[in-house]
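J.:
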Amino acid sequence: MDIKNNQKRNDFIELLIVFAFIAMIFTIYVPVGIWEEEDNFRGKSRFRMKTIYGVESFFEQLTDTYESDGLWAMNIANYGFEQ
């Protein structure tokens, strides 16, 4: 009986080791995926901010003032750019 109990305990320990290994792999690869997604969003955000800055800068060159309404500034800048 003692041999059977030792075998069950060893099987249980091996199962725990396998689950721990899977959890370790999971904790490594999930943050990597999140970091890649954050880098993607960071790049898109920087592009959008540069675009907004360009529109505001061009609007300021046309009117010598700044506009808090981005859509209005974009429409005026597009109109000025087409002329």
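Under our numbering, think of the first position of the sequence shown as 86, with each following residue one higher. Positions of the beta carbon are idealized from the N, C-alpha and C atoms, including for glycine.
Check whether the Cβ atoms of A162 and F143 sit closer than 7 Å, and answer yes or no.
T.: Yes, the Cβ-Cβ distance between A162 and F143 is below 7 Å.
J.: Can you have a look at V103 and say buried or exposed, based on whether 16 or more other CB atoms are within 10 angstroms of its CB?
T.: V103 should be labelled exposed.
J.: Sort K93, K89, V140 by Cα distance to G155 and report the nearest one.
T.: Of the listed residues, the one whose Cα sits closest to G155 is V140.
J.: Please classify A158 as buried or exposed, where buried requires at least 16 other C-beta atoms within 10 Å of its C-beta.
T.: Result: buried.
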